Structure formats: C-alpha cells, structure tokens
Amino acid sequence: EAMSGFTTTGLTNIENVEGVAKSILFWRSLTHWLGGMGIVVLFVALLPLMGVEGFQLFGAEAVGPTKSKLTPKMKNTAIILWLIYIALTLLQTILLLFGGVSLFDALIITFGSVATGGFAATNGSIASYSSSYVEIVTTIFMVLAGVNFSLYFALVRKKFSTIWRDGELKVYLAIYFSATLVITLSLLQSGSYPSFATSLRYGAFQSASIMTTTGFSSASYNSWPPLAQGVLLLLMFIGGSAGSTSGGIKVARIVTLFKLGRQNVKSLLHPRGVFTIQREEEPIPWRTVNAIAGFVALYLFLVLVSTLVVASAGYDLLTSLTSGLCCVGNIGLGLNGVGPGGVGFTTMPNYVKWFLSFMMLAGRLEIYTVLALFSPNFWKR
Numbered sequence: 015e016a017m018s019g020f021t022t023t024g025l026t027n028i029e030n031v032e033g034v035a036k037s038i039l040f041w042r043s044l045t046h047w048l049g050g051m052g053i054v055v056l057f058v059a060l061l062p063l064m065g066v067e068g069f070q071l072f073g074a075e076a077v078g079p080t081k082s083k084l085t086p087k088m089k090n091t092a093i094i095l096w097l098i099y100i101a102l103t104l105l106q107t108i109l110l111l112f113g114g115v116s117l118f119d120a121l122i123i124t125f126g127s128v129a130t131g132g133f134a135a136t137n138g139s140i141a142s143y144s145s146s147y148v149e150i151v152t153t154i155f156m157v158l159a160g161v162n163f164s165l166y167f168a169l170v171r172k173k174f175s176t177i178w179r180d181g182e183l184k185v186y187l188a189i190y191f192s193a194t195l196v197i198t199l200s201l202l203q204s205g206s207y208p209s210f211a212t213s214l215r216y217g218a219f220q221s222a223s224i225m226t227t228t229g230f231s232s233a234s235y236n237s238w239p240p241l242a243q244g245v246l247l248l249l250m251f252i253g254g255s256a257g258s259t260s261g262g263i264k265v266a267r268i269v270t271l272f273k274l275g276r277q278n279v280k281s282l283l284h285p286r287g288v289f290t291i292q293r294e295e296e297p298i299p300w301r302t303v304n305a306i307a308g309f310v311a312l313y314l315f316l317v318l319v320s321t322l323v324v325a326s327a328g329y330d331l332l333t334s335l336t337s338g339l340c341c342v343g344n345i346g347l348g349l350n351g352v353g354p355g356g357v358g359f360t361t362m363p364n365y366v367k368w369f370l371s372f373m374m375l376a377g378r379l380e381i382y383t384v385l386a387l388f389s390p391n392f393w394k395r
C-alpha cells in the first residue's frame with residue numbers, strides 16, 4: 015500500500031476502504047501527493063549531493079528531450095514547482111467544496127488527481143459520488159496534472175509563445191480528445207448509455223483517468239464495448255506528458271519514436287540523405303534518441319515479464335497484461351479482474367504482490383534510475 019502510494023500507482027490491497035480509519039486513508043492519499051512532485055524534488059535537490067548532476071536526472075524523469083532550465087538554481091526550480099503544485103491542490107479542493115463534497119473527501123480526491131495517484135475514500139471510487147460536477151472538476155485537474163509542469167511556469171511568466179510552440183502539449187491534448195470522442199461514440203453506438211451527453215461524461219472522465227495514469231473510475235468500464243476498452247488499453251501504454259506527475263511511456267517518447275520511424279523510411283528512400291530528428295525546431299541528439307528507444311524496449315519487457323508473473327498465479331491474459339501495465343506505468347487500474355468491480359489485487363499471492371511492488375518502483379523512477387542503483391560505478395561516483 016505504501017509503495018503504491020509513494021509511486022502514485024493507486025492500486026490497493028484493502029478490500030473495504032470505507033471500513034478503514036480516516037487517519038489511515040488520509041495518510042495513504044498524502045503519500046500520493048508527496049510522491050507526485052517529491053520525485054522531481056529528489057532529482058533536482060538531493061541527488062546532486064551524491065555527485066550526480068541534478069538537472070540531468072530531472073531530465074531522465076521528465077523523459078526524452080529535456081526542457082530548458084526553469085531557473086538558474088535547482089533550489090529555486092524545486093520551490094517554483096512546489097508552489098504550482100500547491101496552487102493546483104488548493105484550487106481543486108475549493109471547487110470540490112463548492113460541489114457539496116466534504117473537506118475530507120475533497121482532499122482525498124484532490125491528492126489523487128493532482129498527483130495522478132487514484133486512491134479514493136470510497137469503495138466505488140469517484141462513481142460513489144454520483145455527481146457529474148465532481149467528475150467534471152476531477153477530469154479537468156487530471157488533464158492538467160498530465161501536462162509538463164514547466165509549462166505552468168511559462169504561464170506564470172506570461173511566456174505564452176512557449177506554451178503555444180510546445181509540440182508535446184498539442185499531441186497530448188489531441189490524443190486525449192480523440193480517445194474521448196472514439197469512446198463516446200462507441201458507448202453511444204452500443205447503447206451502453208441513453209444519450210450522447212452521458213456517454214461523453216463517462217468517456218471524457220475515464221480517458222483522462224487512464225491516460226494520466228490516475229486510476230479513478232466513474233463507471234464499470236469492464237462492461238463497455240471492445241472498441242472503448244481497446245482505446246483505454248492503448249492509453250495505458252501512452253501515459254501523460256514529460257515532466258508531469260503521470261506515469262506510462264510518456265507522450266514525448268511516443269512522438270520521438272514516430273519521428274524515428276519516419277526518419278528510417280526517409281533513409282530507405284534516400285540512402286545518401288542526411289536526416290535529423292527535431293523537437294521544437296532543435297535537433298535531438300542521437301544519444302537521446304537511442305536512450306528513448308532503449309527505455310521503451312525495457313518498459314515493454316518489464317510489462318511482458320509482469321504479465322507472465324501474474325499469469326503464473328492463474329489469472330487470465332487480459333487481467334495479467336493490465337496488471338503489469340498498472341504497476342510499470344503506475345496506473346493502478348486495469349481491465350477485467352483488475353478493473354472496476356473486479357477481484358483486484360487483494361487476492362493475488364504474496365510473491366506476485368512483492369514483484370509488482372518492485373515494478374511500481376521501477377516505473378516511477380523511470381527504469382534507468384533503478385538500473386543505475388545496481389551499478390557499482392554509480393556508487394563509486
């Protein structure tokens with residue numbers, strides 16, 4: 015439960031959440047909030063003391079081509095990130111209070127949204143509130159939490175051109191809105207819900223929850239049509255933006271891989287041509303491209319191994335696959351047995367839980383960081 019909290023995964027080992035003391039529920043949700051931005055502060059403030067350049071590791075966690083420095087000093091950067099984080103937390107809490115949610119529940123939902131964690135104070139997650147207002151507010155803040163936090167700094171500094179030029183943000187929003195539209199139409203066509211508005215309500219919420227790796231649920235999507243579930247499965251792989259509190263492969267890496275594929279096709283058509291992969295009109299070093307490709311390969315490998323470990327306990331393939339994705343991608347909610355209304359992780363054998371706990375850590379620390387900890391050269395430095 016602690017590993018799930020600090021890594022912002024959000025899967026739970028508690029069968030009856032509503033029967034647990036509020037102090038415990040508050041603490042486990044607070045671990046979300048601390049873990050969400052805490053990992054960034056760890057990279058920019060503490061690791062330099064170990065002889066590692068903080069900003070390089072911040073870039074590793076933020077994935078892909080790194081953003082330009084927010085401020086010249088890493089300490090100031092960490093403070094700014096935390097202030098933005100706190101501002102989002104306060105704003106969502108206040109909005110939820112306006113919707114009639116108790117202060118305790120508002121804080122629990124907010125911690126889970128802003129940190130993209132997913133722990134809830136009820137057994138039915140967000141669905142227990144039966145409130146379109148709560149779902150709309152939560153959807154908005156989940157999407158905001160999936161955005162690179164350096165863009166909020168640019169917003170505060172009124173550098174709107176920086177936000178407008180950010181290609182990853184455009185792709186992130188395009189994927190989210192496209193997924194929402196496809197799921198909405200699929201739900202409407204299948205007759206899962208009586209109206210377009212209701213289908214949109216659940217489609218928008220669940221798309222945001224899965225893509226940002228939050229793991230809240232507002233509906234039992236295990237009964238949704240295959241197309242809608244397929245889109246959710248795809249979003250589990252993608253994840254949120256670089257430099258956000260989200261998990262997953264991250265949009266920045268996905269975009270870079272597509273550009274790499276396009277560049278390889280061009281090289282086949284024009285063998286003597288010289289091509290570069292660019293991001294925001296700046297070339298991406300091949301060392302970075304190779305690191306991204308290597309990361310994705312390792313990511314998929316860990317998901318595959320996790321799938322086999324869960325399957326060894328007798329679970330079906332879809333439950334096993336999404337269990338692996340839940341942990342490596344820090345999502346916390348999958349399909350079938352680990353989806354809404356499923357048996358969940360509480361019935362899994364202890365060896366599976368131990369293994370998946372380590373996968374949560376590996377996913378949260380961007381895999382390479384965990385591998386570096388096992389390298390003697392890292393500790394010699």
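Counted from 1, the sequence shown has number 203 at position 189 by my numbering; the numbering is strictly sequential.
Using N, Cα and C, we set each Cβ at its ideal position, and we do this for glycine too.
On a predicted model such as this, the values are computed, not experimentally measured, just so you know.
Do you know whose CA, among S337, L282, A256 and L314, lies nearest L158's CA?
Here the closest residue by C-alpha is A256.
Report the residue ranges of all alpha helix (DSSP H) runs contained in full by the stretch 323–381; include only those spanning at least 4 residues, in chain order.
DSSP runs (the alpha helix (DSSP H)) wholly in the stretch 323–381: 331–342 and 364–378.
Residue from S371, R42 and S192 whose Cα sits closest to the Cα of G131:
Ranked by Cα distance from G131, the options S371, R42 and S192 are led by R42.
Secondary structure of E75, DSSP reduced to three states
Reliability fails at E75, whose pLDDT of 42 lies under 50, so the model's placement of it is uncertain and the value that follows must be treated cautiously. Collapsing the DSSP output to three states places E75 in a helix.
Since I believe M250 is in contact with L339 (beta carbons under 8 Å), could you give me their beta-carbon distance rounded to a whole number of angstroms?
Contact between L339 and M250 holds, with the beta-carbon distance rounding to 5 Å and staying under 8 Å.
Are there 16 or more other CB atoms within 10 angstroms of the CB of L71, so buried, or fewer, so exposed?
Low per-residue confidence applies at L71: pLDDT is 42, beneath 50, and the placement is therefore not dependable enough to give any value.
Proximity of V342 and V317 at Cβ, strictly below 7 Å:
It is a contact, given that the beta carbons lie within the stated cut-off.
Does P390 come out as helix, strand or coil in the three-state DSSP assignment?
The answer is helix: DSSP assigns P390 an H, G or I state.
May I have the straight-line CA-CA distance separating T336 from G181, to the nearest angstrom?
One C-alpha to the other measures close to 29 Å.
Can you list, in chain order, the residues of its chain with a C-beta nearer than 7 Å to that of K10? Leave out the 5 residues immediately preceding and following it.
Residue 10 falls outside the range modelled here, since the chain spans only 15 to 395, and no answer is possible.
May I ask which residues mark the beginning and end of the alpha helix (DSSP H) holding H278?
Note that residue 278 is Asn in the sequence shown here, rather than His. Taken as a continuous stretch (DSSP letters only), the alpha helix (DSSP H) holding N278 covers V265 to L283.
Work out the CA separation of L199 and V31 for me, nearest whole Å.
If you take the alpha carbons of V31 and L199, they lie about 34 Å apart.
Through-space distance from V196 to F272, alpha-carbon basis:
Taking the straight line joining both Cα atoms gives about 22 Å.
Expected contact under 8 Å - CB spacing of G253 and G244 to nearest Å
Taking C-beta atoms under 8 Å as the contact rule, G253 and G244 fail to qualify, at a distance of about 17 Å.
Go to S200, then tell me how far its alpha helix (DSSP H) extends in each direction, as first and last residue.
Looking at the DSSP string, the run of the alpha helix (DSSP H) that includes S200 is G181 to S204.
Would you kindly report the start and end of the unbroken alpha helix (DSSP H) that includes P240?
Taken as a continuous stretch (DSSP letters only), the alpha helix (DSSP H) holding P240 covers P240 to I252.
Can you tell me which of Q203, S232 and M225 puts its alpha carbon nearest to the alpha carbon of R215?
Looking at the Cα atoms, S232 is the closest of the given residues.
Specify the secondary structure class of G65 as computed by DSSP and reduced to three states.
Below a pLDDT of 50, predicted positions are generally treated as unreliable, and G65, at 46, falls in that range; the measurement from the model is reported next regardless. G65 falls in the coil class under three-state DSSP.
Coarse secondary structure for E396, derived from DSSP in three states
Residue 396 cannot be examined here, being either before or after the span of the chain that is shown, 15 to 395.
Tell me, please, which residues DSSP counts as bridged to Q408.
Only positions 15 to 395 of the chain appear in this structure, which leaves residue 408 out of reach.
To the nearest angstrom, how far is it from the Cα of A266 to the Cα of T302?
If you take the alpha carbons of A266 and T302, they lie about 12 Å apart.
Return the CA-CA distance between E380 and K172, expressed in angstroms with no decimal places.
Note on geometry: alpha-carbon atoms of E380 and K172 lie some 31 Å from one another.
Terminal residues of the continuous alpha helix (DSSP H) containing T21?
No alpha helix (DSSP H) holds T21; DSSP gives it neither H nor E.
Just to confirm, are T227 and I345 a CB contact at a threshold of 7 Å?
Result yes, Cβ atoms of T227 and I345 sit closer than 7 Å.
What first and last residue would you give for the alpha helix (DSSP H) that runs through F32?
The residue you asked about is not Phe; residue 32 is Glu in the sequence shown. Careful: E32 lies outside any alpha helix (DSSP H) and carries neither H nor E.
Just curious, the alpha helix (DSSP H) that G126 is in, first and last residue?
Here the alpha helix (DSSP H) through G126 covers L117 to V128.
Could you check whether T194 and A218 sit closer than 7 Å to each other, using their CB atoms as the reference points?
A contact, by the Cβ cut-off of 7 Å.
Where does A188 land, buried or exposed, given buried means 16+ other C-beta within 10 angstroms?
With fewer than 16 Cβ atoms within 10 Å of its Cβ, A188 is classed as exposed.
Kindly indicate which residue of L117, G126, G160 and I108 has the alpha-carbon position closest to the one of F20.
Cα-wise, what sits closest to F20 is G126.
With a CB to CB cut of under 7 Å and the five nearest residues on each side skipped, what residues in its chain are close to N236?
The answer, listed in chain order, is L349, N350, G353, P354, G355 and G356.
Which of the three DSSP states, helix, strand or coil, is assigned to T161?
In the sequence as presented, Thr is not what sits at residue 161; that position holds Val. It is coil, neither helix nor strand.
Return the residue from the list T23, E15, T22 and N278 that minimises the CA-CA distance to I38.
Of the candidates T23, E15, T22 and N278, the one whose C-alpha sits nearest the C-alpha of I38 is E15.
Based on Cα-Cα distance, which residue from S334, P240, L387 and S223 lies nearest to V128?
The candidate whose alpha carbon is nearest that of V128 is S223.
Quick one: what's got a C-beta closer than 7 Å to L202's C-beta in the same chain, skipping five residues either side?
Closer than 7 Å at Cβ, skipping near neighbours: F210 and S213.
Below 6 Å CB to CB, which residues in the same chain sit around L312 once its five sequence neighbours on both sides are set aside?
Excluding the 5 residues flanking it on each side, L312 has same chain C-beta neighbours closer than 6 Å at I381, in chain order.
In three-state terms, what does DSSP make of I28?
Three-state result, I28: coil.
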